[in-house]
Structures are given as C-alpha cells and as structure tokens.
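**Student:** As numbered in my numbering, residues 546 to 685 make up the sequence shown, in order.
The C-beta atom is built at its ideal place from N, Cα and C for all residues, glycine as well.
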Amino acid sequence: MIEELIDRKNLLEIAEMEKEIFHNTAFSIKQLEEMKKIERYKFFIIKIEEKVAGYVILYDSVDVLEIMKIAVNKEHRRKGIGEKMIKYIFSLTQMPVMLEVRENNAGAIEFYKKSGFEQIATRKNYYTDTGEAAYIMVKN
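The following block contains the structure:
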C-alpha cells in the first residue's frame, strides 16, 4: 500500500536508499528534510515488513507534476512496485507528469515508455558527475 511519508525513520531509510541507488546525485538527509518542509514537495512510500521498499518524491510546479526521484530497493525490484507508484502518481493529478532520466539508463527509459511517458527533449551534459545528457519525458 502506498502512503504519504510522515515518519522521520522512513526519511532516514530514503536517505540511505538515495546513497545506494543514486550515488553522486543522491539527496542528503538534510536536503530531504528541507524538501519535506516545502508544501509543493510530496513524498510517498511503499513499505514491506515495515521497511521502505520504494519511494517517490514529487514536486508540484503548478502546471506539471514532476517526479524528482523514484526508486525501488534492489531486493524488491521486478515485483511491480515501481508500476504501482507510477499508477498512483497518475491517479493524483490530471496535469502532465514529467521526469528526467539519464540517457544511459536504458532500463528506466524502457520502464517509463511502457508506463506511457514519451521523450520530449534532451538536456546535454546535464549530469555533472558523468557529463551524461538527461532525457525529459512527459505523460499527458
């Protein structure tokens, strides 16, 4: 079941997952805590056995809902958790949903395409850690 994040313990779990999954582009616990204070950011989690198995961080920028981060713990991948989170996001809004993804992240790109997203633009040299481009994808 997807729920809104309210417990700081779960925020700490998200910070750990950020480091494991996103490495150099991970949000720190301090950044996550600051984002949590801002009403336009929404955090949703899926727990399995009382631990965060997946999460999504959304930003409501008035005319589009942006997926800032979406992640599933390695041990829980390929079990439909990401798909559940994407469907839940779509149920929250009638606005377009937008995200950025690394050009070399073929698995994520394929997942987003299957979920109805289409690439609308490229930001060259977007990721400072590798120089990779970011694909901007949207589902209307």
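#1: When the distance is taken between beta carbons, is Glu-648 closer than 8 Å to Ala-678?
#2: Within the chosen definition, does the region 596-605 reach the region 629-639 through at least 3 CB pairs nearer than 8 Å?
#3: Contact defined as beta carbons within less than 8 Å: I believe Ile-574 pairs with Leu-550. What is the distance between those atoms, to the nearest angstrom?
#4: Can you look up Thr-570 in the DSSP assignment and give me helix, strand or coil?
#5: Does the distance from the C-beta atom of Phe-656 to that of Val-683 stay below 8 Å?
#6: Provide the residue span of the beta strand (DSSP E) that contains Phe-656, from first to last.
#7: Quick one: residues in its chain with C-beta nearer than 8 Å to the C-beta of Asp-674, no 5 flanking neighbours on either side, listed in chain order?
#8: Short check: CB of Ile-566 to CB of Val-597, under 8 Å?
#9: Can you look up Tyr-633 in the DSSP assignment and give me helix, strand or coil?
#10: So, helix, strand or coil for Met-613, using DSSP?
#11: Which partner residues does Arg-647 have in the DSSP bridge list?
#12: So the beta strand (DSSP E) Glu-594 belongs to, where does it begin and stop?
#13: Excluding sequence positions up to five away, which residues of its chain have a Cβ less than 7 Å from the Cβ of Pro-641?
#14: Should Asn-618 go down as buried or exposed, given a rule of 16 or more other Cβ atoms within 10 Å for buried?
**Tutor:** With the given structure in hand:
#1: Reading the sequence shown from its first residue, position 133 is the one you call residue 678. Reading the sequence shown from its first residue, position 103 is the one you call residue 648. In contact: Ala-678 and Glu-648 (Cβ atoms closer than 8 Å).
#2: yes
#3: For this step, residue 574 is matched to residue 29 along the sequence shown. For this step, residue 550 is matched to residue 5 along the sequence shown. Between Leu-550 and Ile-574 the Cβ distance is about 13 Å, and since that is not below 8 Å, they are no contact.
#4: Here the question's residue 570 lines up with position 25 in the sequence shown. Of the three classes helix, strand and coil, the one that applies to Thr-570 here is helix, per DSSP.
#5: Counted from its first residue, the sequence shown places residue 656 at position 111. Counted from its first residue, the sequence shown places residue 683 at position 138. No, Cβ-Cβ distance for Phe-656 and Val-683 is not below 8 Å.
#6: To locate residue 656, count along the sequence shown from 1; it is residue 111. Element bounds for Phe-656: not the beta strand (DSSP E) but the alpha helix (DSSP H), 651-659.
#7: For the purposes of this step, residue 674 is identified with residue 129 of the sequence shown, where counting begins at 1. His-568, Asn-569 and Thr-570, listed in sequence order.
#8: Translated into the one-based positions of the sequence shown, residue 566 becomes position 21. Translated into the one-based positions of the sequence shown, residue 597 becomes position 52. No; because the gap between Cβ atoms is not below 8 Å, this pair is not in contact.
#9: Working through the sequence shown from its first residue, we reach residue 633 at position 88. Reduced to three states, the DSSP call for Tyr-633 is helix.
#10: Reading the sequence shown from its first residue, position 68 is the one you call residue 613. In the structure shown, Met-613 sits in a strand (DSSP, three-state: E or B).
#11: Mapped onto the sequence shown, residue 647 falls at position 102. DSSP lists Ala-679 as partners of Arg-647.
#12: In the sequence shown, the residue the question calls residue 594 occupies position 49. That residue, Glu-594, is in no beta strand (DSSP E); it is neither H nor E in DSSP.
#13: The count along the sequence shown starts at 1 and reaches residue 641 at position 96. Val-609, Val-683, Lys-684 and Asn-685, listed in sequence order.
#14: Here the question's residue 618 lines up with position 73 in the sequence shown. Per the 10 Å Cβ criterion, buried.
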